[in-house]
Each structure stands twice: as structure tokens, then as C-alpha cells.
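*Asks:* Here the protein sequences line up with chains A and L, keeping their order. Every letter in the first sequence is one number past the one before it in my numbering, and letter 287, counting from 1, is 1489. Every letter in the second sequence is one number past the one before it in my numbering, and letter 394, counting from 1, is 400. Note that CB positions come from ideal geometry on N, CA and C, so glycine has one too.
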Amino acid sequence: MNHLINYQQLESRRNFLGRSCSLVGGAALSSLLGSRALTANDASRHLLPHFAPKAKRVIYLFMAGGPSHIDMFDYKPKMRDLHGTELPDSIRNGQRITGMTSGQSSFPCVAPMFNFEKVGERGTWMNTDLLPHTAGIADKISIIRSMNTEAINHDPAITYINTGTQQFGHPSMGSWLAYGLGSLSEDLPAYVTMISVGKKPGQALYARLWGSGFLPSRYQGVQFRSGNDPVLYLNDPAGLDRGTRRKMLDGLASLNQQRFDKVRDPEIESRISQYEMAFRMQSSVPDLMDTSKEPERTFELYGEQAREKGSFASNCVLARRMAERGVRFIQLFHRGWDQHGNLPKDLAHNCQSVDQPAAALVKDLEQRGMLEDTMVIFGGEFGRTIYGQGKLTEDNHGRDHHGRCFTTWVTGGGFQSGLDYGETDDYAYNIIEDPVHINDFNATVLHNLGIDHERFSVKHQGLDSRLTGVENRRVIKDLLA
Amino acid sequence: MRKPIFQICLLAGFSSSALAESSAVDFARDIRPILSDKCFFCHGPDEEHREAGLRLDLKEDAFADNDGIRAFVSGDLDASESWYRIITDDDNDVMPPSKVKKPLTDQEKDLIKRWIESGAEWTDHWSFVNPEKPELPEADSKKHPIDQFIAERLKQEKIKPSPEADRRTLIRRITFDLTGLPPTPEDVRAFIEDTSPNAYEKVVDRLLASPHFGERMALMWLDAARYGDTSVMHADGPRDMWPWRDWVVNAYNNNQPYDQFSIEQLAGDLLPDPTNDQLVASGFNRNHPSSDEGGAIAEELRVSYVADRVKTTSNVWLGLSMECVQCHDHKYDPVSQKEYYQFYAYFNNTTDPGMQTRRGNQMPFVEILTTPEQDKIDAAGKKRDNAIAKVRKIEASEAKKSEAPGEKEPAGALQKRLQNLVHYFPFDDVRSRVLVDAAGGKHLLGPKASKSISDGKFNQGTQVGERFYESGDITEFNEKSQLTFASWVRIADTNASGAAFARMDVQQGHRGYDLWIQQGKPGIHLVNKWPGNAIKVISEVALTPGQWQHVAVTYNGSRKAAGVKIYIDGKAVPATVEADKLTGTIKPTVPFRVGGRSRGAAAKAHLDEVQIYNRVLTQAEIAWTQMDLIKEANETLAAKRHAKQKRILRNHFLSRVEPWSVAKTDELHARLEINNLLSGKTTSMVMKDNAPDEMRVTYVLDRGAYDAPREDEAISPGTPAALPPLPDDAPPNRLGLARWIFSDNNPLTPRVAANQLWQLMFGNGIVRTPADFGAQGAYPTHLELLDWLAVDFRESGWDIKRMIKQLAMSETYRQSSNFRTGDVERDPDNFHLARSSRHRLQAEMIRDNALALSGLLVDELGGPGVKPYQPPGLWKEVGLSGKPVFVQDKGDKLYRRSLYTYWKRSAPHPAMVIFDAPNRETCVIQRPSTNTPLQALAAMNDVQMIEASRHLAERILKEGGSTDHARASWAFELATARSPETSEIDALIEVYQHSLTTYDSAPEKSQLLVSAGESGRDETLKPSEHAAWTVVASLILNLDEVLTRN
């Protein structure tokens, strides 16, 4: 700990925040990982948080590939009548269509091939075939059916929602938070991502989705993995035991200290503490990842799949453990939601993997009293079209990408619960009430963390760059508790 | 955290330091940055969003009298409206308005106050004024010019420069800075022992002449050029741009002047008679991300590529941030949206399409032949020529024998049809591997004869699917071609699906054509890119299994499915249209194939008498195609035979002559081998402009949207008015732009370039926002020095090595980097350069250093990217459908310099990323430098580092002497270039002895540690000693001093 304190003193004395910039302390207990929360030129503008936060952390369950909002959350009984009818031009309204279906000569509407019921006290529609557990927490979550994005293809869309812009080179949301708020943990990163795969890997992911863009790379998401090395290079090499490692680090520290005494560059002391931190991570991370001591009821709650390393369910358990240990932003990517064809079966498979664990995570956090300061978000980069793609049969079809509206659910950490927000037309194609642009949504997430998204900016290439981009975006006040 | 990222921080940090307080207010340094950051957003160059018609970026406007109100009045605070607006409590009047959330700090207010009071002197933005070589501060001094400028500032600040670094530190510093590698012990010794006055200069000259100099420089340039080995978007598939990367290394090594180096990269393709190298160089602007996403809209992507080229070009050469101007006038710098599109127009006429490929390079590209490839092609060419000579000889003696008398009068209609018969495969007498094209002479090479011959409709036929026949150079059809395919077909069962014959590239969107059988129903594909751009028509009538039936398909070149007709046994059959949208070429680059598109995609069917016509045959004519053409020709009166009939008979006859078959097989085999070699040849993407009559017209895109061109005004190529005009004779293309960038009056180019090179040597630029020299960028720490260097660089003919040497020879560079008492408080960021910089080695150098010290480094230059060790699963976790699969290289490729590590941009090598390498999706001029525990883990545990440690341990045991003391000392000196203190040796020995005790009692652990990686070890070394020294070696490789350029 001495190193830690020294390091903080040194770093607050010098370095680029130096004299005119001010270290953000605030709510964040700064630690060594992603903790040098720094401000731009004017301390008063950037002192974080800007106001009292409702949430301390975020767990973002990101369903990559474009989950079908129609088949999960945005159902209308009238869709049954529309089944097989051509999508009217008045609904399509000049909407550009991806190259995958733009060659189709007709656009027949396809009603979900599942059973839907009104669930929860408010009676909100949900696919009870596929989402029975989510239906069970309907009163705890708010469902936003009016999310929207301009992007209609995966790469730009997933980049847009995660970094606030379709252009490359910008920090991801988690990086912004790691940079702005720092970590709550002394031996874990501020921003962790984990990846699980549905039936097939499907669409690609990219390091930029958790990258730090133009922020220093220490703020990038650290990917935790299910294999032997839960963090890359975590394990000592085969044949080098802990005792030897300790001895080696003692020697290293001694030599580095001797060097510091001569050179007096504070960076050397910082390096000494980074090595100590690495040593601590070598125990804290395996401890975090070891769910074998979780009680039986954990697996009852999250489902048997939670015993399978690398599954979404297992990652949800780990997400809760990380939240407990102070990780600021936890993002679980679950791949394989791009149902251009074979939607009924593949969607069922995906839902089967995520429904119970996602609902369990909410319940678990609530039971532990953590839901009130933990935001949980469940959603993807866009939705899917009401019209079918490929051959429509009695029990099979596909859907193309759809950015004009899609559904995300949220709970905890300053969000209202049990709310339905936004409404789409009978085709779940256009928003007719309360649109929420993805950057409005991002602004709202920041708000819950005590951040004014307009003031939270970093100078990049002469511009005040923000997570929420250059357009005017707004916090969706109605979603706030 | 050493390097500045938050430029405005530094800006404020620098301008408001003691300097500003101790000296007069300087408008350019102190005031313009405030106006820019706080006022220009509403009162700047952006016309559309300008408030109250007030503009504060231009002097005339800022001091203008507007109905008696003047923003600034020299020397008169009370008359300056701005001052009232700044200090007022009235929320309606205060500036900046509170809703903008950008209040002025007290310090900023004070600066503005003092500036107005002292006369409000106004100067143009410093970087837009052409630099002049300033007077040297000490005109008569022999001091290096750089040191004169630095000393002048230090004098003002009352700081003394640091003493020169010792020679050991110095040679390690300059060797890393110029080659990215450590000095060898011999290098160090030679320098220390060299008593000549120019000993250091000799070192610098030696390093500048090293081939590793080019590699080191390329490290910087590749970040700027957003170089990668994959295409970034969607599938992030592979591409080959390494010939461009090698061009960069060579250009630096040959000391190509910076203007030529740049002009060739911006417009090498437009130079008169460009060499292949110059074309390759133009690939700079093909390095941007590209997409193959199926649903993508090609024009949207193409526009994004052009925008990327504008951004990268303006960042790299002009230090201008232009990207925001894609959507609106610049908020801070004098670049209007229209001017942006003038600049954009230079890049908007390239031929490369928006949709790129998942596998390999997209057009346009040039082919690169490596020497071994050329050797193989030459060898195959010789084989081919020998075989051709044999074939000719046989034909000369045998061909006449094909003439038979015949007795029938020819039918007129048949003659007309024969005219358009381009290929005819009778499948008779397939005795060798030659499948004779009796009409076209484009014989195909097939499998061993016996394998695929079957009973045919007439004589023999062939079985589809088992093997296929291919030829590299058979007639191509395009999307507007007329054609008729005809063939006898016998399907095995009703499930038969696949191509009867095809010329189709299944890897490239199925581009091409085929005669297709789908569940026993014949049809056709004509494909640009499946499925969005293709015609597919399939018969509604199925063939009968086990029966020979005749199939014909015609297409009239209309690019409509309606232009396709299908016939079975001579009768037109109803057909289903499955795709009906075709634009653009259907020409693939793969060979024509009978029996399938590619291995494994063939129908279970037999074929006979395949005939291909380059015209739509009528129904009546199609009846004729069912006959045995050889029989018909044979029976026709010799004197009245059509030329094509003669040719058919001749080829048919020759196919029965065994020596001809053998020789022809050799010829075709050699041809195919050449084709495969050529098609597998490395290419490198280049720039190419549209032909003059196909030039794209550029329009301003409303809010930058690709589908919202303002078509009322065509935009011509041009440069921003705030910068010097183009020469009158400048061509309106990229070459004109490139020459303008290097014109003598361009104020930005030489400063930006000099700053980049300064940054390379000193860790930070003189302008600490190296990609932004605009109003929002950082003010130079030493403007006069920068100008002096810029002009000097330009006057030298843009001589890069000379410039680097200038910097290296300065005392400023040679100073010690040790912190002195008070340095941390006085100048932690080293703005004043009273000491040399000290920074962590960049990612590549950390790995290369370990490889070099261990003796593992394979330092050959150039070639395709290599895939050294990386943790498993990284590509699979993110890859599209889990693809492509990472296959680690073996042997030497594990130990190449990191410059050559394969750069997959959606998942770059983790050991690079952890040490701050960018993902190279966008242009980066300066990497951040962080210090994290993940770096400690990577440096300690990456198998590459452990393997290097155990090899370093081998060297210690063999070369380091015989005592522990000698060995520890040798290893330390090897890695740091200096002799260790006794206390340092003691610390190492303590670790060694502790480890030795451990390993002596655990031989299995020793064995594991000394087996890390794939290289062998010297088995004569005692495992426990080897392991214990491996621990020490790893410690040494992790020393701050070793990870740092001191």
C-alpha cells in the first residue's frame, strides 16, 4: 500500500494534469488500474461526478448481432393479421434496406411464431415461450421499445452504440467511464469485458468495441476469459512457482529502487507499484474467477449452464462477483443474434442461454442490495425487420437488420423499474412515441453515474469529443427513478 | 503516464506557466487558444452557426465597429464589449453563455485583460504563416543551432541544462532511437574506447546507414498510415499490403527525400510512366479500413473511404484536423465545408469500389513477383515451350491424316450455327488427361483418363463431380454477352445438384456463370455478387434420372432474367426466376471448369457433347445441337466442310494420337501451373483514378451523408483559401495536391514534418499535438526553433537522414535524462528540455530487445507478416463465424522483428496492444505511453519473453564467465550497456541462489521452465542452473532501466 500512496502523491504532483489540471477524486477511490481519472484544461468543468450519482457501476449485457425485438419484446396482436401481407410503402417510408434484402422482390410481413402474453403488474407483452424468466422480473425492469440508430449494418452499428460514433478511433463507453470515474477496486481493472457465444459465433466483434480510442490504452476494457489465463499472461510460466516469483519481484523492486535513487524519475516508482499490482492480480483474479465455492443456490438461480465456463450464465455469475469487488463497468458480449434465416430455432437457442441468467443477475443483485447502485442493461446494436428474409415457411423464416426501432431493457442504478417506454407502430417498424436515440440512451446512463454528458469531454483533434457525439442528445428523464 | 494525450491540458499547462506570468502576454501563445476554445464555436469560421454575426477568428471582425459596439478596443478595457461580456453578472449578457458550459477561468480572464490593456496586438495563427529561418540567438556561437534556441529559453527560465549523458547511456539511447534495437557489447566497447573527437558522430553515421534504420522509421510511419494486414470491417479478412510496408522501409534506408517519399505515396500512380515501386507506394491511401459486409451499401462505404483519405492526408502532412468539416464548416480553423469537399474531390475519383473482399486485395492492385515465384514461373515456362514444340512437330506430321472424304452435302443452317460455336467438348477418346475442345482448341486438363470416362450419349461421356477439368484461359463471357450452353445430361437421381460446368469464383461472391442443376432441374447462374447482384433461372421441369436428355440454356445479354430460356430435349420449358438483378461484370479470375465450380460442388450426373456458343440460338437451331457433331463432320463432303468442321475433325483425330496427348498434357500442365502461380501471386493495392471521361462529379454532401449530395453545385478539386494558392499549372488531381503540399510557400508541411522527427528523437513534439496545428492545437514550446528546423529541412531538399543527424548531434539530445532536484516541481513534462527525455520503449522494441539480447532475433528484412506466439482463441473470440483461424508460424518466423508481426486489426497482437500500440484502424501520429500491471504480466509471462529469458540464460552460462558474480555482471551489462554496482550484482545473485535452491530440489520444474517456447536448448547445460539463470534473465528483461530508453 505504501507504493500505492506514493504513486498517487507522485502522480498528483507531476504529469499532465500537473498544475492546471486537477485529479478527479470524488466518488472514485482511485486505484492503480484505470484510476488516473483525469480532466481536461478546466478543473471546474470536469470535476467528476458532476452531481450525485445514483449508480456506482454498470453491467451491460450486450446481445451482439441484432436480437429480434419483434420476437422478444415488441409484439402487437395485430401482427397476426398482418402475417403474409406486403409491408406497405407508407410504413417502409423510403427506409433504406441492406444489400441483403434490397434484391427481394417482395417484403411480406412475418408475425412471431411464438406465444406472447401480457406479463407483470402493468401487463407488458413478452414472449413467454422464450423469456419465461425475464417475464418473471417484468416488474423490476423497464422496457424501452423505442431505441433507434441510423446504422443498418453490424460493424457500423455495433461501433456506434459502443463508442457513440460510427467513426473509428473513439473510446468505448466503458473506457470513458474508466477514464472519468476510475476504479472502485485496488486489484481489478475498472472495465472488464467477457464474451460468450450462442449457437454459432455469427457476426464479428472488434477490439475497438472495448478499446480506448484516443484515450490512453490503460482505460481499455480488459477481457476476462474462461480459459487457463483469465487475464492474458496472468499465469506464471510453467516451472516458475510463486515463491520464486516473489523472490524475483523482490529483486526487481530492489534494483528498480536503486535505479530510482539515482535517476529520480517518478515513473520508476510507478513501475515498481505496477509490478506489485500484477502480483496481487495473480491471486485476486483467479479468486474472482473461481466460482466453485458459490453455494448451490447460485446455480439454482442462474441455471445449470452457469457451471459451464465461458457460458453466458457463468459470465453473469462472474459479473456479479466483479460488481461486488468494485469493477466499474462490466460488459458481457453474447454473440450470435444475427438471424437472417432459421430465426425461430436459433432465437430460441439464444434466449435459452440468456433468459434465466440475465433475470437471475437482476434478482441476485437485488437480494444483495446492490441493484440500487448497479445499472443492468440488456440489448443489442439494432433490431430486425417485420418483413421476412429468405423463404417463409410455416415454421421457419429470417429477418433482416432494422435500426429504426429496437428494444433494450434496463433496471437498477437510477432507472425506474416496471416502466414501458416508447411505442412503435403495428409493424414494430417505426417509432410513434418517445424515441430514444442510442446516444440519448448513453447520455442517460452517464446521468445515472452523476455525469453530464455535455460536459464530459476530451479534446481530440481540436474538438471537445464526447461519448454522445456532436449532435444534441438528451437525458431521457422519464426513465429515471 | 508520460506522454500528453490531453492536449489542452498541456496547452494550458504550458501557456499559463511561469512564462506567461513573467513575460508580456503573447497573443498567439496565450490569447488565441482561449478565443478558439471558448469563443470560436459560435463566433468562428462556421458561417451557418455564427451568432450575432460576430467573428473573432479574424482581426478585422474582432476589432470592427458594429453600430458603435466593438468586441476589442486596443488598450481600452471599458470600450471593449468583450470585456463587459466576460465580467458581467447578467446571465443574459455573459459570455461564454452559461448554457455552453465553457466558462472562462480566472487565469484566462486575467490574460485577456492584460492583453487588451497592453494594446491587444493581433497576429495571424502562427502555423498558417510561412516560416522564415529566424536569426540564431547567438549569431557568432559555434554552438549547435538547436542548442542556441534551447539555451535562450533556459536562460529566461533560469534553469541550467543537464550535463551530457555518459557514453554507455548515450549509445544505448541513440541505437534504440535510430534502429529500435539495443547496441551490442562490441558497439558499446568501440564507442567507449574511441578517443577521436567525432566518436559520437561516427556512431550516428553508422546507425543511419544500418538497414534497421528504415525499420525503425517505418514503425512511426505505419501508425500514421494506419497500416494493417487485414481489412478491419465486418470479416476483417486478410489483405496484402506488405509490399507497401517494405517499400517504406526501403525508402527510408535509401534516404529518399521526404517530398519524393510523400508524393509517391499520395500520387505515385499519377507520375509520368510510374514504376511498379511508385505504384506500390500509392497504396498509402489504400491502407484504410474497408468492408465486405453483405448488407452494406457500397456508395456509403466508398464515401467513408474517401473521407478517411482526407482525414489521414491532412493529419499526416498538414497537421490539420479536417474530419469535422465533412458535416459542417470548421468551428476553429479556416476551412469551410465547401473547401473540405474541394480537398475531398482529389480523392473522389479513384476506381476502387465501396464493397471490398473478404479474402485478399480489392482492385486496383499491382502484382508483385518475388524472386522464388519468378523462378518457378520461368521453370514452368520452359516446360511449356518444350511441350509446345513437341506438339507442333506431331501436329505437322499427323494432322493431315484427319481428312476423310465424306459423302454428304452440308446443311446451310448448320454452317451458320458453327460460326458461333466457341467450345465443343465431345468427351470422346479421352485417353490422356487432355479433354479436347474440338471447336475452340482450348483443351482442358483433367484427371487421369480412366477415372471420369463413362459411357456417353455418343461414344463416351464424362462423369461430373469426381474430378474436374480446368483451363486457365478459356473464353470469357460478360454480363452483356449473348450465349448458349448445350449439353447432354444424365442425372443419377432426383437430388442431383451442382454445376455441370462453370467459370465461377466461389470465394469472391460467386462471381461468374455456370450451367446449374438443382434437384435435377437445369438452370443457369450469372453472378456479379451472390445473392444481391445476380440472375438465377431454374427450369420448373426436372430431368429423369438415368436417362440421357438434352439441356440447353440461352441468355441474350439483357441483364434480365427474362433474357434466359431453358430447353429440355429441344423444347422450351417453364422456369422460375430466383434472382433478377444484375449490374456489373460477371468475369471471375478463376479458370473455366467442367464438372463443377470447385471441388465438392458438382451434381451427381454424366455429361456428353458440351457445346458453348457466343450467340442466342433459336429453338430450331437448338435441335441441331443435339447431334453428334463429329459424326456429322466426318460424313460431310471434304471439299464442302466448314472450316470449323475441319478443325473439329483435326482435333478429334489428334486426340487419338498418343504422343500428341502426352505432349499436350505436359503443355497444359505447365500452362496451368503458370496460371496458378500468377493467380497466387502477391499483389499490393494501389490508387488509380477514373478515366477522364468517367470522372465522378463531387458535390458537397449535406451533413456528410453519402446519399445527400447538394447537386446544385459541382465541386472542383482545390485547397483551402487560408493556405497558399495552388500553382496555376497544378493538375487538378492528387499529383497537383501532393506537389502543392510540398510547395515552397506551404507553411504547414515542413513544420509538421520537422515536428514528427523531433518527436521521434525527443519523445514529444515541439508542438505536442502533432496531428493538429490548428487553432485548437498546442502552441509550440519553441516556435523559433521549430521554424528554424522546418526551413532548414525544406532547404536541405527534405533530407531525412540529415535532419535526424541534426537532432542527434545536438547537446540537447545528448543531455542526461536524470531528474535533478526540483525537476519534478519545476518542469515535470520537460517543456524546457533542460534534460533529455526518458521513456518506456515502444511495444515492438520491448520484444525486439528481448529477442536481440537472447540471441534469438532473426533480423532479415521484409516479407509477409508473420504470426509469432499469441495466447489461444483470440481470433476465434471475435471473428466472423469464428473465422479466420489463427495458425501460429514456426521456426524463424517466431523470432522476426515485431515490425513484421501480422497486424490483425480487430484483434491485434495482445503484447503489442498492452504496450500501447494502436489498433491501426485510424491514423495515429503519437502513441500514448502508459504504465500498467498488464504490462508487467506480459513482460514477465509471455512465452516469447520467457523463451528469450532462457536463451539469455544460456548465453549467461556460456559467455558470462565462470563465477556467479561474473555472470550476473555480464548479463546486466549486456542489457543496460553499463557495469552494475556491487549492490546490483548482489541483488541478482541473491535471486539466482534462491532460485537454484528451488530448482535443485525440483528438477521437473527446471525442465518445464527451460523448455518454454519451441526452440531447442543446449542439453549439456544443467537444468537447475539453466532454470535459475532463466529467472535472473527474466528479471533483467523486466528492469525499468531495460524497458526504458534512458
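Is the CB of residue 330 (chain L) under 8 Å away from at least one CB in chain A?
*Replies:* Output row for residue 330 (chain L): interface = yes.
*Asks:* Considering only their Cβ atoms, is the gap separating residue 1618 (chain A) from residue 1344 (chain A) smaller than 8 Å?
*Replies:* A contact, by the Cβ cut-off of 8 Å.
*Asks:* Spatial neighbours of residue 292 (chain L) within its chain, please: C-beta separation below 6 Å, excluding the five flanking residues on both sides.
*Replies:* The answer, listed in chain order, is 691.
*Asks:* For residue 1369 (chain A), count neighbouring Cβ atoms within 10 angstroms of its own Cβ and tell me buried if that reaches 16, exposed if not.
*Replies:* Buried, by the Cβ-count rule.
*Asks:* Report the rounded CA-to-CA distance for residue 1232 (chain A) versus residue 83 (chain L), giving the unit in angstroms.
*Replies:* No answer about residue 1232 (chain A) holds up, because its pLDDT of 31 lies below 50 and its placement is not dependable.
*Asks:* For residue 1462 (chain A), count the other beta carbons within 10 Å of its own beta carbon; 16 or more makes it buried, fewer makes it exposed. Which is it?
*Replies:* Counting Cβ neighbours within 10 Å, residue 1462 (chain A) comes out buried, since at least 16 surround it.
*Asks:* Looking at chain A, which residues of the stretch 228 to 252 of chain L have a Cβ within less than 8 Å of any of its Cβ atoms?
*Replies:* The stretch 228 to 252 of chain L vs chain A, Cβ under 8 Å: 238, 239, 240, 241, 242.
*Asks:* Under 8 Å between beta-carbons, which chain L residues line up against residue 1300 (chain A)? List them in chain order, please.
*Replies:* Within 8 Å Cβ-Cβ: 300, 301, 302, 303.
*Asks:* Considering residue 1613 (chain A), what are the terminal residues of the beta strand (DSSP E) in which it resides?
*Replies:* Run containing residue 1613 (chain A): 1608 to 1613, per the beta strand (DSSP E) assignment.
*Asks:* Can you tell me whether residue 734 (chain L) is buried or exposed, with buried defined as 16 or more other CB within 10 angstroms of its CB?
*Replies:* So residue 734 (chain L) ends up on the exposed side.
*Asks:* Below 8 Å, how does it come out for the stretch 1324 to 1334 of chain A and the stretch 1548 to 1560 of chain A: are there three or more Cβ pairs, yes or no?
*Replies:* The stretch 1324 to 1334 of chain A, when compared against the stretch 1548 to 1560 of chain A, does touch it at the 8 Å Cβ threshold.
*Asks:* So which residues on chain A does residue 853 (chain L) lean against when the C-beta distance must stay under 9 Å?
*Replies:* Under the 9 Å cutoff, chain A gives no residues; its nearest Cβ is about 13 Å from residue 853 (chain L).
*Asks:* Apply the 10 Å Cβ neighbour rule to residue 1578 (chain A) and answer buried if 16 or more other Cβ atoms are within range, or exposed otherwise.
*Replies:* Result: buried.
*Asks:* Going by the DSSP bridge assignment, what does residue 560 (chain L) pair with across the sheet?
*Replies:* According to DSSP, which records beta bridges pairwise, residue 560 (chain L) is partnered with L:490, L:571.
*Asks:* Taking its Cβ as the centre, do 16 or more other Cβ atoms sit within 10 Å of residue 580 (chain L), making it buried, or is it exposed?
*Replies:* Classification of residue 580 (chain L): exposed, given that the 10 Å Cβ count is below 16.
*Asks:* Residues of chain L with CB under 7 Å from residue 1477 (chain A), in chain order?
*Replies:* Those within 7 Å of residue 1477 (chain A) in chain L are 942.
*Asks:* For my contact list, residue 998 (chain L) and residue 1034 (chain L) are in at a C-beta cut-off of 8 Å; report their separation, rounded to the angstrom.
*Replies:* Indeed, because the Cβ distance is near 5 Å, the residues count as touching under 8 Å.
*Asks:* Using the beta-carbon of each residue, which ones in chain A are nearer than 9 Å to residue 54 (chain L)?
*Replies:* By Cβ distance, chain A contributes nothing, its closest Cβ being about 14 Å from residue 54 (chain L), past 9 Å.
*Asks:* Shorter than 8 Å from the beta carbon of residue 70 (chain L) to some beta carbon of chain A?
*Replies:* Taking Cβ atoms only, chain A never reaches closer than 8 Å to residue 70 (chain L), which makes this a no.
*Asks:* For residue 900 (chain L), does the three-state DSSP call read helix, strand or coil?
*Replies:* Note: residue 900 (chain L) maps to helix in three-state DSSP.
*Asks:* Which residues in chain A have a C-beta closer than 7 Å to the C-beta of residue 997 (chain L)? List them in chain order.
*Replies:* Ordered by position in chain A, the residues that pass the 7 Å Cβ test against residue 997 (chain L) are 1449, 1450, 1453.
*Asks:* Helix, strand or coil for residue 921 (chain L)? Go by DSSP, reduced to three states.
*Replies:* Coil, per DSSP.
*Asks:* Just verifying my parser: in three-state terms, what is the DSSP assignment at residue 819 (chain L)?
*Replies:* Residue 819 (chain L): helix per DSSP, three-state reduction.
*Asks:* Of the residues A:1428, A:1476, A:1533, A:1574, which one's Cα is nearest the Cα of residue 1491 (chain A)?
*Replies:* If we check each option's Cα against that of residue 1491 (chain A), A:1428 comes out closest.
*Asks:* Could you tell me which residues DSSP puts in a beta bridge with residue 1393 (chain A)?
*Replies:* Note: residue 1393 (chain A) sits in a beta bridge opposite A:1531.
*Asks:* Starting from the beta carbon of residue 290 (chain L), find every residue of chain A whose beta carbon is closer than 7 Å, and list them in chain order.
*Replies:* Those do not exist, as residue 290 (chain L) stays about 18 Å from chain A at its closest Cβ, beyond 7 Å.
*Asks:* By alpha-carbon positions, which one of A:1323, A:1256, A:1327, A:1251 ends up nearest to residue 1278 (chain A)?
*Replies:* Closest by alpha carbon: A:1327.
*Asks:* Give me whichever residues DSSP pairs with residue 1591 (chain A) in a beta bridge.
*Replies:* Its beta-bridge partners are A:1600.
*Asks:* List, in order along the chain, the chain A residues whose C-beta lies closer than 7 Å to that of residue 1046 (chain L)?
*Replies:* Simply 1458, 1461, 1470, 1473.
*Asks:* Alpha carbons only, please: which of L:651, L:894, L:69, L:508 is nearest the one belonging to residue 634 (chain L)?
*Replies:* Nearest C-alpha to residue 634 (chain L): L:651.
*Asks:* Which class does residue 983 (chain L) belong to by DSSP, given the choice of helix, strand or coil?
*Replies:* Correct three-state label for residue 983 (chain L): coil.
*Asks:* Closer than 7 Å by beta-carbon distance: list the chain A residues that pair up with residue 886 (chain L), in chain order.
*Replies:* Simply 1405, 1406.
*Asks:* Check for me: the beta strand (DSSP E) holding residue 1665 (chain A) runs from which residue to which?
*Replies:* Segment 1665 to 1668, the beta strand (DSSP E) holding residue 1665 (chain A).
*Asks:* Return the first residue and the last residue of the alpha helix (DSSP H) that residue 761 (chain L) is part of.
*Replies:* That run of the alpha helix (DSSP H) goes 755 to 768.
*Asks:* Would you decide whether residue 1354 (chain A) is buried or exposed? Buried here means 16 or more other CB atoms lie within 10 Å of its CB.
*Replies:* Label assigned to residue 1354 (chain A): buried.
*Asks:* Since residue 1040 (chain L) and residue 953 (chain L) are thought to touch, with beta carbons under 8 Å apart, how far apart are those beta carbons, to the nearest angstrom?
*Replies:* Not a contact, Cβ separation roughly 10 Å.
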